[in-house]
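In short: position in the sequence shown from 1, add 59, done, that's the numbering used here.
Just so you know, even glycine gets a beta-carbon here, dropped at the ideal spot from N, CA and C.
Since this is a predicted model, take the numbers as computed values, not measurements.
In what follows, a structure is listed as structure tokens, so that the remarks can point back to it.
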Amino acid sequence: MFFKKLVVAEMVFSVLAFVLLPLVTIGLSGVLDPQILRMVKNPQFQKATMVVLTLFMAPFLALALTIRSMSEQ
């Protein structure tokens with residue numbers, strides 16, 4: 060049950076990151092500070108974002124969903 064939720068959470072976070080990072084750089088280029096845009100366009104920042112999402116956030120979300128579903132039963 061946990062593994063299935065982990066795979067789904069990683070896929071959701073990956074898709075969100077792949078969609079939101081370009082949207083932030085393109086869509087909000089006139090609104091955001093140029094330093095923030097430079098940071099978001101930086102490939103190292105994008106890699107670090109993906110690492111944080113897939114290694115930390117996705118397992119935490121999957122564990123929380125698993126515990127929640129087990130407590131409801």
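query                                                                                                                                                    : result
Going by CA-CA distance only, name the one from S128, S73 and V83 that's closest to T113.                                                                : S73
Helix, strand or coil: which one does DSSP assign to M129?                                                                                               : helix
What do you reckon, are the CB atoms on L65 and A123 nearer than 8 Å?                                                                                    : no
Nearest-angstrom Cα distance between F92 and T108?                                                                                                       : Per the sequence presented here, residue 92 reads as Asp, with Phe not at that position. Answer to the nearest angstrom: the Cα atoms are 19 Å apart.
What ranges does the alpha helix (DSSP H) occupy inside the stretch 79-132, keeping only unbroken runs of at least 4 residues that lie completely in it? : 93-100, 102-111 and 117-131
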